[in-house]
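Residue numbers (this note's numbering): 808 to 1061.
Report on one structure; see the data block that follows.
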Amino acid sequence: MGTIYLIRHGQASFDSADYDNLSELGQLQAAQLGAWFKARKIRLHGFFSGSMNRHLQTAQAFASTYGVFQEPIQHAGLNEYDHEAILQALIGQYDDPDAFEQQVMQNADPRKAFQQIFEKAISRWVSGEHDTDYPESWRTFKTRVMSGLGSVTAQAMQLKHGSGSANVAVFTSGGPITAVAQNLLQLPDTNAFNLNWMITNCSVSKLLFGQRGISLASFNEQAHFEGEISGVLAEQANGLEAFAAKPNGLISYR
């Protein structure tokens, strides 16, 4: 059987004008993962990704320490859902959306307040009761993702290494990983995002594929962030507030 390593992108730039770029910590997370793959002599025969900046940047930072780089084959089907559209569909239901957003930002813990609102917005989207409010419904999103995964699997089947099957890395986002896990575990929509909130940046979810189909072998692996790091990566981490908050200072969720 072949192996697909689904890799969530490194931490994105949540507090900047353009979320779709890795933060310093995100770059370090991806580099640490590449070093971990290299140390364990995990041979990859192909690289795939969504087409978003954070996917491609994660692949590049990963390759910088893994030691092998192929330009990832991009599949837009592996892109994240439009979180801004999902949020705006909820906020637009309030009488004064601008005042509502200002109230959230003035909260004593704006990140926590935002997360609560975002979870509510996601629940509304997933419910399927307001599909016309969104450019892409949850059902359509799931279909897109599974189609993208199908394309990756078909291409990976052609990358057989000798008599064995191929191992490939897929750099994507938490939403697509959630959709894949939900599909393979046959979970109801109402439970799907219980998985999503747990997926850490640069975590690995492993799929096995072959003639009999695809199965989920592991979910949200993060052993590569356990303990301390050393050498060049440790030097790069100097001054990063998020890393200084040990233990497991490389773990993040955005």
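A virtual CB, placed ideally from N, CA and C, is assigned to each residue, including glycine.
Pairwise C-alpha distance: residue j and residue i
i: Gly1046; j: Ser1012; result: A caution first: Gly1046 carries a pLDDT of 46, below 50, which makes its placement in the model too unreliable to give a value.
i: Ala928; j: Glu887; result: 15 Å
i: Leu1014; j: Trp843; result: 18 Å
i: Ala1024; j: Asp916; result: 37 Å
i: Met1005; j: Asn1027; result: 8 Å
i: Phe876; j: His1031; result: 20 Å
i: Leu966; j: Ser934; result: 39 Å
i: Leu897; j: Leu1002; result: 22 Å
i: Thr960; j: Pro879; result: 14 Å
i: Tyr812; j: Tyr826; result: 24 Å
i: Ala976; j: Gly841; result: 11 Å
i: Ser1059; j: Thr979; result: 16 Å
i: Asn1008; j: Gln881; result: 20 Å
i: Gln818; j: Phe1016; result: 28 Å
i: Gln909; j: Asp889; result: 22 Å
i: Ser1010; j: Ala838; result: 12 Å
i: Arg847; j: Glu936; result: 46 Å
i: Glu1042; j: Thr950; result: Note that Glu1042 has pLDDT 47, beneath the 50 cutoff, so the model's placement of it is unreliable and the number below is only indicative. Cα to Cα, the separation comes out at about 43 Å.
i: Leu863; j: Asn914; result: 34 Å
i: Ser944; j: Gln895; result: 14 Å
i: Glu926; j: Leu885; result: 21 Å
i: Val1039; j: Ser871; result: A caution first: Val1039 carries a pLDDT of 47, below 50, which makes its placement in the model too unreliable to give a value.
From the options, residue whose alpha carbon lies closest to that of residue i
i: Gly955; options: Ala846, Gly857, Leu840; result: Gly857
i: Pro995; options: Ser930, Thr1007, Leu966, His937; result: Ser930
i: Gly899; options: Met859, Asn914, Tyr941; result: Tyr941
i: Val987; options: Ala963, Gln962, Arg946, Thr865; result: Arg946
i: Ala866; options: Asn990, Asn998, His816; result: His816
i: Gln836; options: Arg861, His937, Gly853, Phe855; result: Arg861
i: Trp932; options: Ser871, Gln993, Ala999; result: Ala999
i: Gln993; options: Leu894, Ser1022, Leu832; result: Ser1022
i: Ala963; options: Gln989, Gln1018, Ile924; result: Gln1018
i: Pro985; options: Phe854, Phe948, Gly957; result: Reading the sequence as shown, one finds Thr at residue 985 and not Pro. Checked all of Phe854, Phe948, Gly957; the closest Cα to Thr985 is Phe948.
i: Arg850; options: Gly809, Phe821, Thr997, Gln913; result: Gly809
i: Met953; options: Ser944, Pro983, Phe869; result: Pro983
i: Gly853; options: Gln989, Asn974, Gly1034; result: Asn974
i: Gly957; options: Thr939, Asn990, Tyr873; result: Asn990
i: Tyr873; options: Ile814, Lys845, Met859, Lys919; result: Lys845
Start and end residues, beta strand (DSSP E) containing residue i
i: Tyr812; result: 809–815
i: Lys1074; result: The chain is shown from 808 up to 1061; residue 1074 falls before or after that span and cannot be answered.
i: Asn974; result: 974–979
Which residues DSSP lists as bridging residue i, in chain order
i: Ser1022; result: Leu1015
i: Ala819; result: Leu829
i: Ser856; result: Gln881, Phe978
i: Glu887; result: According to DSSP, Glu887 bridges with nothing at all.
i: Glu1028; result: Val1011
Range covered by the alpha helix (DSSP H) that runs through residue i
i: Leu956; result: 945–964
i: Asp916; result: Run containing Asp916: none; DSSP gives neither H nor E here.
i: Phe1000; result: 996–1003
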